[in-house]
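Residue numbers (my numbering): 1 to 62.
Where a beta carbon is used, it is the ideal one built from N, C-alpha and C, also for glycine.
Here is the structure we will look at, set down as structure tokens.
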């Protein structure tokens, strides 16, 4: 499994966001990142997105 540093730039609704994520065998890194990011948005009382914000970066760790 591959690990990535997920970095999302600030948006109008939320500040920048960064975390380490693992790409699973069943989902792409983009789907995994969207799930993680939407959970962070939900924590802040924001509605989910259908795609990651522009400028999102995935840096391979291993």
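Residue pairing by DSSP places residue 61 in no beta bridge whatsoever. When the alpha-carbon of residue 8 is set against those of 40, 45, 47, 25, the nearest one is in 40. Contact annotation: residue 24 and residue 32 have beta-carbon atoms nearer than 8 Å. By the Cβ-count criterion, residue 6 is buried, with 16 or more other Cβ atoms from all chains shown falling within 10 Å of its own Cβ.
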